[in-house]
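Here is the structure we will look at, set down as structure tokens.
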Amino acid sequence: MEIVHVYTKLRSEFGRQCLFSDRPAELLVDVPPDPELGLQFTRRASREQPLQACREMSEHQVNTERFESSSCGINHVEGGWPKDINPNEMEQTIRFRKKVEKDESYMNSILQLGSLMEHCIRQNNAVDIYQEYFQDEDEVDESQEPPSAKTINVFRDPTEVKRSVTGLSWHPDGGRKLAAAYSCLEFQRSSRDMSLDSYIWDVENPNRPETTLKPPSALVCLDYNPKDCHTLVGGCYNGQIAYWDTRRGSQPVELSSVEQSHRDPVYKIIWLQSKTGTDAFSASTDGQVLWWDVRKLSEPTDRLVLDPGREGNLDRAFGAISLEFESTMPTKFMVGTEQGVVVSCNRKAKTPAEKIVCTYDGHHGPVYALHRNPFFPKNFLTVGDWTARIWSEDIKESSIMWTKYQTSYLMDACWSPVRPSVFFTVKMDGVLDVWDILFKQSDPMLSLKVCDSALYSLRVQDSGRLVACGSQLGEATLLEVCCGLSTLQKNEKTLLAAMFERETKREKILEARQREIRLKERSRSEQSREEEAGREEGEDDPDKMAARAESDFHSQVEAELRRRERREEEKDVCEEKEVKNESG
């Protein structure tokens, strides 16, 4: 059989027709030799020979176009029903099934599909897709590997005027999304062209944010609802509280009024453990802690003024900059202040004065981070000035452990959710430090330069494997730590509990010793004060002054006599020793 393929093309597309003919050769150009050029010719000596050891190569640079990908999905629901039948109605579906099963075409189609199904089932039975390979192989001890972390993605602020990432929050359902709050906390650097939007990112798509949040003022902090993955609450730069439901668009569903909100930026907001799952509380540098029900943000449900004198005076209140709430302790919460003091509070106290339980003073600057250990809630971590400190609730005077002073300011910190002895800190020089206090207390276990700009915020995902850091130039960097830093080690809880208990006992002993020294100094100062008062009273009476002078004179004479007697006795003993040595 001959196979023929015909190509068809228009005559006009062939171009100009080629005409060939036989003709003799003809001279088109004649270039005669130029003797003057010959005089300029220089013969090169044979000893001057250039050599190159490597192959000659040319270098070209190409700036490729950026590829942007978009994620699409399908929401599949039960289908195949006629329009007049509601699939949620049991009676209608049963009636329709019986009608279809009596149809002859239905029986024929089932018989045809049966052979195909049988073939697929035989295929599945031939290969065990759930077979586990290398069961007998010894597992590699991942804890022996050196600590490491790698950058997975970088989410950049899509606006032209870059803003700082001041708040981060992980999606509660598996950590597939990351919400980031963008704002400029430097008042003089902000401009009218600066965007107010914040974004929710898909961790696998750094090109474009998945959702845009449009607050009335720049968001300083935000937090996902742990009970409802579609809702968020955020604190704004102008003091307002905004509540979003991502199913209802970018605009906030509820917004607090300016009159009932904070007077300063809201630096921290946290969801509370409640039956409704709609309660949250916020803290600001205006010295107030406000409680909210997001279903009705017209006014706060409760209010606390952080007045150290416990009088509710807002002019003397500490400015709040960080918050801590542990769901296992629903009545307790802690506040980190601008003055370097951590305030422990009890919400269920009867009077406002009793709500402030005690204070912990240990930092020279604002307490930017405050986080309880998830395994030992009595111990909490704070970050302020150049150090990170670990405290015990029982010790008020001093922290039980602390890092040495760093060269850069520390801005945020948090414990690992899976390893009780590991915590993370970020600094102004763009470095992420990973600390393991069981392994080493003086230096971090791992230091990683994340970016050249300052790091402002930090959040660890619930699995302990992913770490998100927010920078001053609007970059949210997603890092993955090694298995050794995200897997619970053998006896780690027991060893850390013993360490915390030992350090707490040591601080208690030192605290008791300091208390004794202060009591002695106080009693000594009171005694000297009484003696001075007695002297002042006796200065007016000449008889008392003469009697005191006489007693002082006699006491000095007696002391001099005792000193002379002691010298003579020592001299006699020396002479006896010399006589014995001479006789010996």
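For the sequence shown, position 200 (counting from the first letter as 1) is numbered 915 according to my numbering, and the numbering increases by one without interruption.
Cβ coordinates follow ideal geometry from the N, Cα and C atoms, glycine included.
The structure presented is a predicted model; accordingly, all values stated were derived computationally and were not measured.
Contacts around D960, its chain only, beta-carbon distance under 6 angstroms, and the 5 residues preceding and following it disregarded:
Numbered from its first residue, the sequence shown carries residue 960 at position 245. The answer, listed in chain order, is H945, T946, V968.
Can you give me the C-alpha to C-alpha distance between D1100 and L1125, rounded to a whole angstrom?
Mapped onto the sequence shown, residue 1100 falls at position 385. Mapped onto the sequence shown, residue 1125 falls at position 410. Cα to Cα, D1100 sits roughly 6 angstroms from L1125.
Over what stretch of residues does the beta strand (DSSP E) that includes Y845 continue unbroken?
Against the sequence shown, residue 845 aligns to sequence position 130. Y845 -> no beta strand (DSSP E), and no H or E assigned at all.
CB Y958 to CB P980, shorter than 7 angstroms?
Residue numbering aside, residue 958 sits at position 243 when the sequence shown is read from its first letter. Residue numbering aside, residue 980 sits at position 265 when the sequence shown is read from its first letter. No; because the gap between Cβ atoms is not below 7 angstroms, this pair is not in contact.
So, helix, strand or coil for V1058, using DSSP?
What you label residue 1058 is simply residue 343 of the sequence shown in a count that begins at 1. V1058 falls in the strand class under three-state DSSP.
The segment 1035-1045 contacting the segment 1083-1101, beta-carbon criterion three pairs below 8 angstroms:
yes
Supposed contact pair G1002 and F1033 - C-beta distance, whole angstroms, cut 8 angstroms:
As a position in the sequence shown, residue 1033 is number 318, starting the count at 1. As a position in the sequence shown, residue 1002 is number 287, starting the count at 1. Yes, they are in contact, since the Cβ atoms of F1033 and G1002 sit about 6 angstroms apart, within 8 angstroms.
Should C1184 be labelled buried (16 or more other beta-carbon atoms within 10 Å of its own) or exposed?
Here residue 1184 is taken as the residue at index 469 of the sequence shown, counted from 1. Flag for C1184 reads buried.
Terminal residues of the continuous alpha helix (DSSP H) containing E806?
Against the sequence shown, residue 806 aligns to sequence position 91. Counting along the chain, the alpha helix (DSSP H) containing E806 begins and ends at 805-816.
For N922, which option in E783, L1005, K814 has the closest C-alpha, if you only look at C-alpha atoms?
Taking the first residue of the sequence shown as 1, we reach residue 922 at position 207. The shortest C-alpha separation from N922 is found at E783.
Reference T1043; option with closest CA among P1092, W1006, S1168, A1064
Within the sequence shown, numbered from 1, the residue matching residue 1043 stands at position 328. Looking at the Cα atoms, P1092 is the closest of the given residues.
For W796, does the count of other Cβ atoms within 10 angstroms reach 16, so buried, or fall short, so exposed?
Looking up residue 796 in the sequence shown gives position 81. W796 is exposed by the Cβ-count criterion.
With 16 other CB atoms within 10 Å as the buried threshold, where does H886 fall?
Here residue 886 corresponds to residue number 171 of the sequence shown, with the count starting at 1. Result: buried.
Residues of its chain near Q975, where Cβ-Cβ distance is below 8 angstroms and the 5 sequence neighbours each way are ignored
Taking the first residue of the sequence shown as position 1, residue 975 is located at position 260. For Q975, where only same-chain residues beyond five positions count, the Cβ hits under 8 angstroms are S1013, E1014, P1015.
Once the 5 residues before and after F1138 are set aside, which same chain residues still bring their CB inside 7 angstroms of it?
Counting from one through the sequence shown, the residue named residue 1138 turns up at place 423. Within the same chain, F1138 has close Cβ partners L1096, A1128, C1129, W1130, S1131, W1150.
Run of the beta strand (DSSP E) containing L987, from where it starts to where it stops
What you label residue 987 is simply residue 272 of the sequence shown in a count that begins at 1. Taken as a continuous stretch (DSSP letters only), L987 belongs to no beta strand (DSSP E), as it is neither H nor E.
Option in N1061, D1167, P750 with minimal Cα separation from A1191:
The count along the sequence shown starts at 1 and reaches residue 1191 at position 476. Minimum Cα distance to A1191 is reached at D1167.
Only counting runs of 4 or more residues, tell me where the alpha helix (DSSP H) segments fall wholly within the segment 762-789, in order along the chain.
none
Does DSSP put S1168 in a helix, in a strand, or in coil?
Residue 1168 sits at position 453 when you count from the first residue of the sequence shown. Here S1168 sits in coil by DSSP.
Does the separation of the CB atoms of V1133 and G1077 fall below 7 angstroms?
Start at 1 with the first residue of the sequence shown, and residue 1133 comes out as number 418. Start at 1 with the first residue of the sequence shown, and residue 1077 comes out as number 362. No. Outside cutoff.
Give the straight-line distance between the Cα atoms of Y722 and C787, rounded to the nearest whole angstrom.
In the sequence shown, residue 722 corresponds to position 7, counting from 1. In the sequence shown, residue 787 corresponds to position 72, counting from 1. Approximately 42 angstroms between the Cα atoms of the pair.
Can you tell me whether K1142 is helix, strand or coil according to DSSP?
By one-based count along the sequence shown, residue 1142 stands at place 427. Residue state, collapsed to three classes: strand.
Using DSSP bridges, identify the partner residues of Y1083.
Taking the first residue of the sequence shown as position 1, residue 1083 is located at position 368. DSSP, once it has assigned bridges, lists no residue as partnering Y1083.
Spatial neighbours of T1046 within its chain, please: CB distance less than 7 angstroms, with the 5 preceding and 5 following residues excluded, ordered by chain position.
As a first step, residue 1046 is located in the sequence shown; it is residue number 331 there, counting from the start. Within the same chain, T1046 has close Cβ partners N1061, R1062, K1063.
Excluding the 5 residues preceding and the 5 following K929 in the sequence, name in chain order all residues of the same chain whose CB lies nearer than 8 angstroms to its CB.
For the purposes of this step, residue 929 is identified with residue 214 of the sequence shown, where counting begins at 1. Excluding positions up to five away in sequence, the list reads L911, D912, S965, Q966, P967.
Note down, in chain order, each residue of its chain lying with its Cβ closer than 7 angstroms to the Cβ of V1009, except the 5 sequence neighbours on either side.
Locating residue 1009 in the sequence shown gives position 294, where the first residue counts as 1. Taken in chain order, the residues that qualify are V948, Y958, E969, T993, A995.
How would you write the range of the beta strand (DSSP E) that E925 sits in, first residue to last?
The count along the sequence shown starts at 1 and reaches residue 925 at position 210. Where E925 is concerned, there is no enclosing beta strand (DSSP E), given that its DSSP letter is neither H nor E.
Mind checking D1158: buried by the 16 CB within 10 Å criterion, or exposed?
To locate residue 1158, count along the sequence shown from 1; it is residue 443. So D1158 counts as exposed.
Helix, strand or coil for L734 per DSSP?
By 1-based counting over the sequence shown, the position of residue 734 is 19. Coil.
Comparing alpha-carbon positions, which option in I825, E875, D917, L1225 lies nearest G889?
Taking the first residue of the sequence shown as 1, we reach residue 889 at position 174. Measuring from the Cα of G889, the nearest candidate turns out to be D917.
Along the beta strand (DSSP E) that carries G1185, what are the first and last residues, could you check?
As a first step, residue 1185 must be located in the sequence shown, where it is residue number 470. Start and end: 1181-1186.
Where the beta strand (DSSP E) containing A1103 begins and where it ends
One-based indexing of the sequence shown puts residue 1103 at position 388. From DSSP, the beta strand (DSSP E) with A1103 extends over 1102-1107.
If you follow the alpha helix (DSSP H) that G753 is in, where does it begin and where does it stop?
Counted from its first residue, the sequence shown places residue 753 at position 38. Counting along the chain, the alpha helix (DSSP H) containing G753 begins and ends at 750-754.
I1071 and R1025 - do their beta-carbons sit closer together than 7 angstroms?
Sequence index remark: in the sequence shown, residue 1025 carries index 310 (1-based). Sequence index remark: in the sequence shown, residue 1071 carries index 356 (1-based). Yes, they are a contact pair.
Can you check which of these residues, I956, R963, D1144, is closest to H977 by C-alpha distance?
Along the sequence shown, one-based indexing puts residue 977 at 262. Out of I956, R963, D1144, I956 has the C-alpha closest to the C-alpha of H977.
For R1233, the residue or residues it bridges with in DSSP
Counting from one through the sequence shown, the residue named residue 1233 turns up at place 518. Looking at the DSSP assignment, R1233 forms no beta bridge with any residue, so it has no partner.
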